[in-house]
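A.B. asks: Following this message is one structure expressed as C-alpha cells.
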Amino acid sequence: MWSDRLARDAQDWADHLAATGRYDHASPLQRQGQGENLWRGPRGYWDAWDKIGFFVDEKRHFRPGQFPDVSHTGRWNDVAHYTQVIWPQTREVGCALAHTHDEEVLVCRYFPAGNIWGHRIDPAEHIARR
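What follows is the structure, encoded as C-alpha cells:
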C-alpha cells in the first residue's frame, strides 16, 4: 500500500542526495526500520516505470532461498533491489524523485524493511499461503 509518510521520508533523502551530490543509503538510524532502494541516472531520460523497472529486472538473477543466498550469480547484491520490492512482510511503500542539473535521484522506502539475513524468500510460497 502506498504510504505518504514513506514518500515524505524518501523525498527528504532524495533531496539530500541531490543537494550534496552523494549517492549513499541513509543510515539505519535515519531509516527507522524502513528498507530503501536507490536509483540515479540522467535527467529526463527514463520515466518512473523504467526506473522501477531497473529494480524489477534483477529478477533474472533471483532464486528462492534463505537471504542472502538468493542469487544465481552468488552475489546477493545482484538481486537486493528486487528482493526488497517483493519482500513478503513489507506492507507499505513510498517513493520520491529529486533532480540536479543533469541527474535524477529516485528513493523508494519500504516498511517493514526486507532483505533480512536468514529469512526465506520465495514468492511462490507466499502466494500459496494466501
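First residue of the sequence shown: 3, per the working numbering; consecutive thereafter.
Cβ atoms here follow ideal geometry from the backbone N, Cα and C, with glycine treated the same way.
A quick note: this is a predicted structure, and the numbers were derived from the prediction, not measured.
1. By Cβ distance below 8 Å, which residues in the same chain neighbour tryptophan 4 in space, the five residues on each side in sequence not counted?
2. In terms of residue numbering, what span does the alpha helix (DSSP H) encompassing alanine 82 cover?
3. Between the beta-carbon of valine 58 and the beta-carbon of tyrosine 25, is there less than 8 Å?
4. Could you check the C-alpha separation between phenylalanine 64 and alanine 100 for me, to the nearest Å?
5. For glycine 23 and serine 29, I'd like the C-alpha separation in whole angstroms.
6. Relative to the alpha-carbon of isoleucine 118, which residue among Ala126, Trp89 and Cys110 has its alpha-carbon at the smallest distance?
7. Since tyrosine 112 sits in a beta bridge, which residues does DSSP pair it with?
8. Could you tell me the distance, in whole angstroms, from the CA atom of alanine 126 to the CA atom of phenylalanine 113?
9. Is the beta carbon of glutamine 36 closer than 8 Å to that of histidine 121?
10. Spatial neighbours of alanine 82 within its chain, please: C-beta separation below 7 Å, excluding the five flanking residues on both sides.
11. Does DSSP classify phenylalanine 56 as helix, strand or coil?
12. Which residue wins for smallest C-alpha separation from valine 107, given the options Asp11, Arg10 and Pro44?
C.D. replies: Quick answer:
1. Counted from its first residue, the sequence shown places residue 4 at position 2. Within the same chain, tryptophan 4 has close Cβ partners Glu94, Val95 and Gly96.
2. Within the sequence shown, numbered from 1, the residue matching residue 82 stands at position 80. Segment 82 to 88, the alpha helix (DSSP H) holding alanine 82.
3. As a position in the sequence shown, residue 58 is number 56, starting the count at 1. As a position in the sequence shown, residue 25 is number 23, starting the count at 1. No, they are not a contact pair.
4. The residue you call residue 64 lines up with position 62 of the sequence shown. The residue you call residue 100 lines up with position 98 of the sequence shown. Rounded to the nearest angstrom, the two C-alpha atoms are 29 Å apart.
5. As a working mapping, residue 23 is identified with position 21 in the sequence shown. As a working mapping, residue 29 is identified with position 27 in the sequence shown. Computed Cα separation, rounded: 17 Å.
6. Taking the first residue of the sequence shown as position 1, residue 118 is located at position 116. Answer by Cα proximity: Trp89.
7. Translated into positions along the sequence shown, residue 112 becomes position 110. Bridge partners of tyrosine 112: Gly37 and Val95.
8. Within the sequence shown, the letter at position 124 stands for residue 126. Within the sequence shown, the letter at position 111 stands for residue 113. For alanine 126 and phenylalanine 113, the distance between alpha carbons rounds to 21 Å.
9. One-based indexing of the sequence shown puts residue 121 at position 119. One-based indexing of the sequence shown puts residue 36 at position 34. No, they are not a contact pair.
10. For the purposes of this step, residue 82 is identified with residue 80 of the sequence shown, where counting begins at 1. These residues qualify, in order along the chain: Asn117.
11. Within the sequence shown, numbered from 1, the residue matching residue 56 stands at position 54. The answer is helix: DSSP assigns phenylalanine 56 an H, G or I state.
12. The residue given as residue 107 occupies position 105 in the sequence shown. Selected option, being the one with the closest Cα: Pro44.
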